[in-house]
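What follows is one structure encoded as structure tokens, with my remarks underneath.
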Amino acid sequence: MKFILSATAAILLSAATVSAHEYTVGALQIDHPRAFETAPSVKVGGGYMAITNTGDTDDTLLEVRTPSVPRVELHLSETDANGVARMTKQDGVPIPAGDTVTLIPGGLHVMFMGLGEDRFELGEKVDATLVFENAGTVDVQFSIEERTSDTHNGMDHSGMKMSD
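For the sequence shown, my numbering gives the first residue as 199, with consecutive numbering after it.
Here it is as structure tokens:
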């Protein structure tokens with residue numbers, strides 16, 4: 199009986215770990231990498247997550263790599279005083295010591311470009327590697343989730359000018 203309870207506890211603990219969708223590399227904790235399903239005509243998608251630096255040394259997310267998407271960049275979306283939205287490529291995303299940086303729709307995010315016919319579909323997982331300046335690399339999976347009316351702050355990347 200004790201073995202059955204221990205096995206059940208292990209299964210429940212494993213399920214909790216999987217559903218938590220968290221990763222760790224060095225002093226960095228990566229929480230819930232995700233992207234939203236894309237329409238068949240949309241060739242780009244955004245990736246989002248929270249990165250917490252529990253250490254006492256700053257770090258930088260340098261890039262995101264994935265074999266399943268032709269081009270991946272780090273971007274920042276900003277809207278100026280006139281309501282004009284611009285998206286600019288970032289050379290890296292600083293992760294200050296003791297702080298959490300959240301990649302969100304309408305702000306810092308991962309830009310998956312060149313999706314073509316291989317759009318993001320609900321329930322899929324996109325394997326990727328996050329590359330950090332100090333902590334090194336960590337393999338993660340971006341879960342493809344349903345886009346809701348409040349997940350993108352009204353932003354549609356399909357018509358945005360992407361500047362370098």
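We treat Cβ as the ideally placed atom computed from N, Cα and C, and that holds for glycine.
Where residue i and residue j are concerned, what is the direct C-alpha to C-alpha distance, given to the nearest angstrom?
i	j	result
Thr-236	Gly-243	7 Å
Ile-249	Ser-275	18 Å
Asp-229	His-219	6 Å
Val-338	Asn-251	17 Å
Val-308	Gly-334	18 Å
Ala-279	Lys-287	20 Å
Apart from the five residues just before and just after residue i, which ones in its own chain have a Cβ nearer than 6 Å to its Cβ?
i	result
Glu-322	Ile-342
Give the secondary structure of residue i by DSSP, where H, G and I count as helix, E and B as strand, and everything else as coil.
i	result
His-273	strand
His-219	coil
Glu-343	strand
Gly-244	strand
Residue i bridges to which residues according to DSSP?
i	result
Ile-293	Asp-257
Pick out whichever of the options has its Cα sitting closest to the Cα of residue i.
i	options	result
Thr-326	Glu-271, Ser-239, Gly-253	Per the sequence presented here, residue 326 reads as Ala, with Thr not at that position. Taking only the C-alpha atoms, the option nearest Ala-326 is Glu-271.
Leu-320	Phe-340, Leu-306, Val-336	Phe-340
Pro-303	Asp-257, Ser-266, Tyr-246	Tyr-246
Met-285	Thr-258, Phe-234, Leu-306	Leu-306
Gly-312	Leu-226, Arg-232, Ser-266	Ser-266
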